[in-house]
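Numbers 58 to 651, taken from this note's numbering, label the letters of the sequence shown in order.
By construction, the Cβ of each residue, glycine as well, lies at the ideal position given by its N, Cα and C atoms.
On a predicted model such as this, the values are computed, not experimentally measured, just so you know.
Here's the structure we're looking at; comments come further down.
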Amino acid sequence: MRNADFGVRNWVVGVLTALLFAAGPAAPQQAPPLGPEWRHSAWFGERTRLEKTPDGIRILLNLPPQLDPALPTRLVVFATPNGNTLEETFGAEVGAGVPWRFDIQHVGAQVRRLRELRRTENLALGVIQPEGKSWPAWRREHPDNAHLRALVEQLKGRIPGGVKRLSLTAHSGGGSFLHGFIEADGAIPAEVDRFGFLDANYSFDAEQHAPKLVAWLRGEPTRYLLVLAYDDRTITVDGKPVVGPTGGTFRATGRMIDALGPHFPLTITRPGDRERFTGLDGRVVLDRDLNPQNKILHTVLVEQNGLLEVLSHGTPEAGRTGAYRGERSYSRWVQPFEPASAVGEEPLGTIPPRPADSPSGTALFERIAALPGPERERILERELVVGNVPGTLRRLRVVETRMVTPDGVRHTARFAVMPDYVAVGGDADWVRTPLTPMTTHRIADRWQCALITRRLSDAIHAAATLRLKPQPLVEAREATATFLQHHRLIEERRAGKAIGHLLSGIKKDVVLSNRLREQPGRVAIYGWHFPDGHPIQPLTTVHRESYVDYSHGVRLVSRRVLVDGQPMDYLALLKHPTLWPLASDEGPMEATLL
C-alpha cells in the first residue's frame, strides 16, 4: 500500500512539474501603482506627496524614482525640530535670500545618499511637522498618544506596496514625537526596528520609556537604538545658559545609560572628543560629544552625517556613508532652492492693441449679465481676441523652475506668465473673466500662449510678489453677476497695491493635466493657494468641460520658454522625455491634451 501511495504522489508531482514548465517562467513582478496624489518631483526623478491631517500635522512623503517590487520597503520617519517647516527640514541649497534653516539638516539629501548605496530594500521617507512647529507644544494640546501611532499607520498606508520595516528618527523637539510614540498603549510595533535620536532625547523618562525600549530590544536581534548628543550643560547664548540645571541631552543620555545599563552591559570607548556607550553587540549606541570647546553643536550633530549615522549603523553601508562628525558626504544630493520671487518681466506682443471703441469691463459684464453661459462665452471670446485686454496682462512676469535628473544633471527654465488672470476691459475698468478650457485654448493659440500646469501654479505662488487670502463665495456660483462680484471683492483686498504684481491666492487655476487622458471632456482645476502655499483645491477633473464658475481663473504662459538659456517651445517641453519636470509634476504630457 505504501508503494502505491508513493506511485500516486510521484505521478502528481510529475504532472504539476510538467504544467509548471509548460507555463514558462513566472512573469516579473510589477512595481506597485502610484495614485494621482503622488507628484513627479523635479528633483532626482523622485515622487512626492504632501498633505495635512485634520489635527494639523503636515506630511511630506518622498519615494525614490523606482520602487523595486522584489525588495521590501523601509519607511524612514523624521519628526521636525522646533521652529522648522517640512521644507526646511528636507533641505535645499542655500544662497542669497534663502533662509538659513534650509541648510541645517538636509534630511532629503542624506536619505538620497543612503539610497545610492543600499540595494537590499526600497527607502521611503516621511517628514512630519506639527501645527505650530513644535512637537512638545502639539502634544500638550493632543495628549492622547494614540494619535502618534495612528499617524505612523497613516504614513505606512500611503506607501505603494506596503511597508516592511520602520526607522523612527527625530532632531531636537522632534524627540517628543518619538517619546510619545513609545508611551502609547501597547508594545512598540514589531515593524519598528530602529530609533534614532539626533540630539532629541531631552524628555527621556526612565520609568515611562526604559521598560518598553528594553522589551522591544530583546524582542528581535535586528533592532537598534541610537542616540547622538553632546555636552550642552554649560553652553550659553548672549550670556545665558541654553539648558537648565537638569536639562539638555547630555544629562538625558546619562539617564538612558543609567536606565539601560542594568539590562544591557554597556562598553565605553572614546573616539576623539566623544564618548560612546555600546551594548547588545552594538545594537544600543549612546554617543556624547564631550564638546571641549563648549560650542553649540545642536544642528552640527545632524548636518555632519548624523542621520546617515543612525540609519546605516549595523548595516553593510556603515562606514561607507561618510564619517559621523566629518565633512558632509551628501552634498551632491542637495536639491536646488526654488526661487522665492519673480526675476523680471517680458512683454507679450501677440495680443492686438485694444480698439478705441472697446467697452469697459463693467459695461460689458452688465450687458451680458442675463445671457446663458454659451452666449456669454462667445461675446467674451470676441472681445479678448480683438484685444480688449488691460495693459497689465501684456507685461508678463518671469518665473523660474529648476530640476535635477536622476544622474545629477541640473537644469533651469524661465517661463513668462501673466501676472494676473485673463480679464476684459481697459486699465481703468477691467474684470477678471472665468472661461471654459475650449474657449481658453482658442484664445491662447492666437496669443501664442498656453494654459499653465499644476507645477507652474505652485511655482507662480512661490514667486508671487503679492499673495492674497482666498475669499470663496457660496451662492449663484455660475452666474455672471457673481463673476463681477468676486472680481470686486478681490480688488477691495488689493486696494493700495500697485497693478502689475505677480498675484496669487485669488482664484483656482484652469490647468493642463494628464488626468484628462482618463477623463476626456472635463476641465482640470487646481490651486487657490493660501499665503502659506496650501491650496484649497487639489487637482480635480470632476466637472464637465462646459462647467465654469466664479472661482475659475485663466492664467496663460508664453509658448516661448528659456531652458538652460536656450529657447524652447512650452508644448515641446511638456513632452520632452527628460526635461518635462521643469513644467510638469505629472510626467510628460500628451500633445492631444493641448
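Residue i - partner residues in DSSP beta bridges
| i | result |
| --- | --- |
| tyrosine 281 | Arg251 |
| tryptophan 487 | Gly482 |
| isoleucine 245 | In the DSSP output, where bridge partners are listed per residue, isoleucine 245 has none listed. |
| leucine 619 | Arg471 and Pro624 |
| threonine 597 | Ile582 |
| arginine 115 | Lys109 and Gln186 |
| glycine 610 | Asp566 |
| isoleucine 325 | Phe334 |
| tryptophan 100 | Val461 |
| proline 298 | Thr293 |
| tyrosine 287 | Asp346 |
Span of the beta strand (DSSP E) around residue i
| i | result |
| --- | --- |
| aspartate 344 | 341-346 |
| threonine 469 | 467-474 |
| glutamate 108 | 104-109 |
| phenylalanine 234 | Careful: phenylalanine 234 lies outside any beta strand (DSSP E), inside the alpha helix (DSSP H) at 232-240. |
| threonine 130 | 130-136 |
Sub-8 Å separation of residue i and residue j beta-carbons
| i | j | result |
| --- | --- | --- |
| leucine 450 | methionine 475 | yes |
| isoleucine 185 | threonine 137 | yes |
| alanine 194 | alanine 227 | no |
| leucine 107 | leucine 212 | no |
| glycine 383 | leucine 285 | no |
| alanine 272 | alanine 244 | yes |
| aspartate 242 | leucine 223 | no |
| phenylalanine 307 | tyrosine 287 | yes |
| glycine 218 | threonine 130 | yes |
| valine 620 | leucine 613 | no |
| valine 479 | valine 367 | no |
| leucine 274 | glycine 253 | no |
| arginine 512 | alanine 640 | yes |
| leucine 492 | valine 568 | no |
| leucine 534 | tyrosine 607 | A quick correction: the sequence has arginine, not leucine, at residue 534. Yes, the Cβ-Cβ distance between arginine 534 and tyrosine 607 is below 8 Å. |
| alanine 181 | leucine 120 | yes |
| glycine 371 | arginine 327 | no |
| proline 527 | glycine 562 | yes |
Nonlocal neighbours in the same chain, by C-beta distance under 6 Å from residue i, ignoring five residues either side
| i | result |
| --- | --- |
| valine 134 | Gly183 and Leu225 |
| glycine 276 | none |
| arginine 489 | Tyr478, Ala480 and His544 |
| alanine 99 | Met460 and Pro638 |
| arginine 158 | Asn141 and Glu145 |
| glutamate 188 | Gly113 |
| glutamate 320 | Glutamate is not the amino acid found at residue 320; the sequence shown has histidine there. Excluding residues within five positions, the ones whose Cβ falls inside 6 Å are Val271. |
Same chain only: Cβ atoms within 7 Å of residue i, ignoring 5 sequence neighbours per side
| i | result |
| --- | --- |
| isoleucine 500 | Glu438, Leu441 and Val442 |
| threonine 378 | Arg170, Leu171, Leu174, Asn362, Leu365, Ser369 and Ser386 |
| phenylalanine 78 | In this prediction, phenylalanine 78 has a pLDDT of 38, which is less than 50 and means its spatial position is unreliable; nothing more can be read from the coordinates. |
| glutamate 402 | Arg452, Leu453, Arg454 and Val455 |
| leucine 73 | Reliability fails at leucine 73, whose pLDDT of 37 lies under 50, so the model's placement of it is uncertain and no value is given. |
Contacting residues, own chain, Cβ-Cβ under 8 Å from residue i (five flanking each side not counted)
| i | result |
| --- | --- |
| isoleucine 408 | Gly444, Val446, Leu450, Arg451 and Trp504 |
| alanine 80 | Note that alanine 80 has pLDDT 44, beneath the 50 cutoff, so the model's placement of it is unreliable and the number below is only indicative. Nothing listed; no residue qualifies. |
| phenylalanine 540 | Phe422, Val488, Arg489, Thr490, Pro491 and Tyr607 |
| methionine 58 | Unreliable placement is indicated for methionine 58, whose pLDDT of 37 sits below 50; the coordinate value is still reported in the next sentence. Answer for methionine 58: no residue qualifies. |
Span of the alpha helix (DSSP H) around residue i
| i | result |
| --- | --- |
| histidine 498 | 494-504 |
| leucine 174 | 164-174 |
| valine 271 | 263-276 |
| alanine 227 | It is not in any alpha helix (DSSP H) - alanine 227 instead sits in the beta strand (DSSP E) that spans 222-228. |
| serine 514 | 511-520 |
| phenylalanine 147 | 143-147 |
| isoleucine 314 | 306-317 |
Interface flag, residue i vs chain D, CB-CB below 8 Å
| i | result |
| --- | --- |
| serine 641 | The structure shown has no chain D; it contains just one protein chain. |
- Output the residue ranges of the alpha helix (DSSP H) runs that lie fully inside the segment 567-594 and measure 4 residues or longer, sorted by chain position. The segment 567-594 contains these whole alpha helix (DSSP H) runs: 572-575.
- Item | Secondary structure, beta strand (DSSP E): runs of 3+ residues fully inside the segment 426-470 | Listed in chain order, the complete beta strand (DSSP E) runs (minimum 3 residues) inside the segment 426-470 are 452-461.
- Item | Inside the segment 337-419 only - beta strand (DSSP E) runs reaching at least 3 residues | Fully enclosed beta strand (DSSP E) runs of 3 or longer: 341-346 and 402-404.
- Message: Give the list of continuous alpha helix (DSSP H) stretches no shorter than 4 residues that lie fully inside the segment 545-570.
- Response: Entirely contained in the segment 545-570, not one alpha helix (DSSP H) run reaches 4 residues.
- Query: Which residue spans inside the segment 178-220 form an unbroken alpha helix (DSSP H) run of at least 4?
  - Reply: Within the segment 178-220, the complete alpha helix (DSSP H) runs of at least 4 residues are 192-198 and 203-215.
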